[in-house]
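Everything on this sheet refers to the single structure shown next.
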Ligand code: NAI
């Protein structure tokens, strides 16, 4: 079939298998062209098919030759139906890792379930012996608690009062006002249940009980803070509440890991275009301005640049990792630089539908959004037929 992007309500609902493979290859090539990293050799990545998790796995394998188990929840391609972008990404990763002789096993299923945890424990014991490093990088809309069978859904809403802000429809380029109503107590609790740290802790406990954690085991999860003007919808909203819970869980996991000499770390990452960030009110407009300002200052990074810098400069470097006063790694250091934020705030106040193309990087936003689904990749002939079950 010939595959063109299909976008519904600002969500791209299909993917191009060869474009996704090219996008993974571009990340691999980025890492191969850089200095090696001295990172752990036996890695488990939860949320390994997209965004930060995929990039971390690529740095582990192609930056230091690690064997890895990757977990994701994706729809495989069949003879007649396209799979999701994440499916093509994670399968291309495996193919490329095997070509270089690195161990790579994929588990496609619900990471919140006991079955997937048991399968990963088994795979870890069988193939890695034990894990040295676990990256927890899930962005999920819902979670079924396996102990009770209850389904929880996350929402992105302010807490306490309504939030009104500028936003952009990134497809049409219309800048307008958006208002989000405050979350109910139940919505807050459910978002924490889905995106907070409970499941991260359960993963560590499961592997620890199963004897699959190596001495000096390290685990990391990703958080976000952002500027003051997105605070009501992000850091002080439902998702921020979940992120604070994730950060608090790091301390509890640390206590569990102490006897092993292990550690749990939070990295606060940069805002990037992903499936999720494209639908948060105000955030696409913020990211379009952020990209413009950071590209002008030659500070721009995508997922792979962020993850390479995390490994190379923060995690696996001589001496203790530099952390903020709450013990978090600040990979958002360039995003939050005072000159960068002041310039974004100035542009934020000026931006309208008419000047959007000129003063923001809305084009870069759209391009990256499409590339996440394998579209617009250099070197791919999109007029050619391609099989949906190519992997
Ligand atoms: P993403 O949407 O690109 O990737 C999410 C991954 O989670 C995919 O591999 C997906 O298959 C997997 N997943 C979702 N539900 C699952 C389930 N039930 N079972 C197994 N796997 C499941 O996400 P992204 O943007 O890379 O986010 C990863 C983490 O980084 C999240 O915690 C997010 O909050 C955080 N973060 C993201 C930032 C951004 O701007 N994108 C900024 C800072 C932190």
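In my numbering, the protein residues as written are 2 to 392.
By construction, the Cβ of each residue, glycine as well, lies at the ideal position given by its N, Cα and C atoms.
Span separating the alpha-carbon of residue i from that of residue j
i           : j           : result
residue 91  : residue 24  : 11 Å
residue 386 : residue 2   : 5 Å
residue 61  : residue 355 : 44 Å
residue 216 : residue 373 : 36 Å
residue 345 : residue 93  : 37 Å
residue 368 : residue 280 : 16 Å
residue 327 : residue 116 : 34 Å
residue 52  : residue 159 : 25 Å
residue 314 : residue 149 : 42 Å
residue 245 : residue 123 : 31 Å
residue 147 : residue 251 : 22 Å
residue 426 : residue 388 : The structure shown does not extend to residue 426, since the chain is modelled only from 2 to 392, so the question has no answer here.
residue 298 : residue 292 : 10 Å
Proximity below 7 Å, CB of residue i to CB of residue j
i           : j           : result
residue 213 : residue 85  : no
residue 394 : residue 5   : Since the first and last residues shown for the chain are 2 and 392, residue 394 lies out of range.
residue 219 : residue 264 : yes
residue 136 : residue 221 : yes
residue 248 : residue 267 : yes
residue 381 : residue 19  : yes
residue 333 : residue 274 : no
residue 277 : residue 140 : yes
residue 195 : residue 235 : no
residue 133 : residue 163 : no
residue 308 : residue 27  : no
residue 64  : residue 32  : yes
residue 144 : residue 113 : yes
residue 138 : residue 223 : yes
residue 71  : residue 58  : yes
residue 352 : residue 176 : yes
residue 349 : residue 300 : no
residue 21  : residue 375 : yes
Assumed close pair residue i, residue j - CB separation to whole angstroms, cut-off 8 Å
i           : j           : result
residue 16  : residue 44  : That belief does not hold up - the Cβ atoms of residue 16 and residue 44 are roughly 25 Å apart, past 8 Å.
residue 283 : residue 166 : 4 Å
residue 242 : residue 192 : 7 Å
residue 257 : residue 199 : That pair is no contact at about 13 Å.
residue 79  : residue 340 : Not confirmed; about 50 Å, so no contact.
residue 188 : residue 239 : 6 Å
Close beta carbons around residue i, own chain, < 8 Å, minus the five adjacent residues each side
i           : result
residue 363 : 169, 171, 174, 289, 357
residue 178 : 165, 166, 167, 168
residue 296 : 362, 365
residue 111 : 74, 117, 145
residue 8   : 14, 172
residue 128 : 68, 70, 104, 106
Proximal residues to residue i (C-beta, below 6 Å), its chain only, five neighbours per side dropped
i           : result
residue 50  : 73, 75, 87, 90, 91
residue 228 : 342
residue 98  : 62, 105
residue 254 : 202, 205, 265
Minimum Cβ-Cβ distance from residue i to chain B less than 7 Å
i          : result
residue 61 : Within the model displayed, chain B is absent; a lone protein chain is all it includes.
Cβ shell of residue i (< 7 Å), same chain only, five flanking positions each side left out
i           : result
residue 120 : 108
Item checked: Entirely enclosed alpha helix (DSSP H) segments - the stretch 260-301, minimum 4 residues -> 284-297
Checklist line | Inside the stretch 42-84 only - beta strand (DSSP E) runs reaching at least 3 residues | finding: Under the rule that a run must span 3 or more residues, the beta strand (DSSP E) segments found entirely inside the stretch 42-84 read 43-47, 68-73.
Notebook entry, point to check: Going along the chain, which unbroken runs of the beta strand (DSSP E) with 3 or more residues stay wholly within the stretch 108-195?
Noted result: 132-137, 143-145, 152-154, 164-170, 175-181
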